[in-house]
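In the working numbering, the protein residues as written are 1 to 157. Even for Gly, the Cβ is constructed at its ideal location relative to N, Cα and C.
Printed below as a string of structure tokens:
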């Protein structure tokens, strides 16, 4: 559980920094991807207190959040990174284009992990099981790990 909390806290700190500073001067595709990351970040921020047990697990909210993340992952995500689109204020590292296959795999993995998270929540909604947060926590931690891996490899600070 502590690993999930640490990852969630690290992701949350990154989100706050992105929202506060990243959009200054951004235009075009850079602005578009920053907006998408901000949407993803808001969804993560909403779910972190559920992971920490600070708020009750709400599968309906998780399902909607996971859907929003899924819609911005995979090819919808990678299309926002045309070659050479890492000028300031972008925080995209040049390694994205040097290691495109790895970057694309992480974007696809985000889509997969967000889909899994959505399915867990949908199953809980269908069964009326709002008290069993274990599957949510596992699925959410997996998704957060994907975010962390991508940020560590492909984001400048």
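Per the DSSP secondary-structure output, residue 92 pairs in a beta bridge with 155. At a Cβ-Cβ threshold of 8 angstroms, residue 140 and residue 51 count as neighbours. Judged by their CB atoms, residue 125 and residue 63 are nearer to each other than the 8 angstroms cut-off. For residue 103, the enclosing alpha helix (DSSP H) stretches over residues 100-127. Closest in C-alpha terms to residue 157, from the list 102, 38 and 89, comes 89.
Cβ contact annotation for residue 146 (same chain, cutoff 7 angstroms, sequence separation greater than five): 106, 109, 110 and 113, in chain order. For residue 59, the enclosing alpha helix (DSSP H) has its first and last residue at 59-71. The residues 86, in chain order, have a CB closer than 7 angstroms to that of residue 94 in the same chain once the five nearest residues on each side in sequence are set aside. For residue 49, the enclosing alpha helix (DSSP H) starts and ends at 28-52. With distances taken between CA atoms, residue 74 lies nearest to 101 out of 134, 60 and 101.
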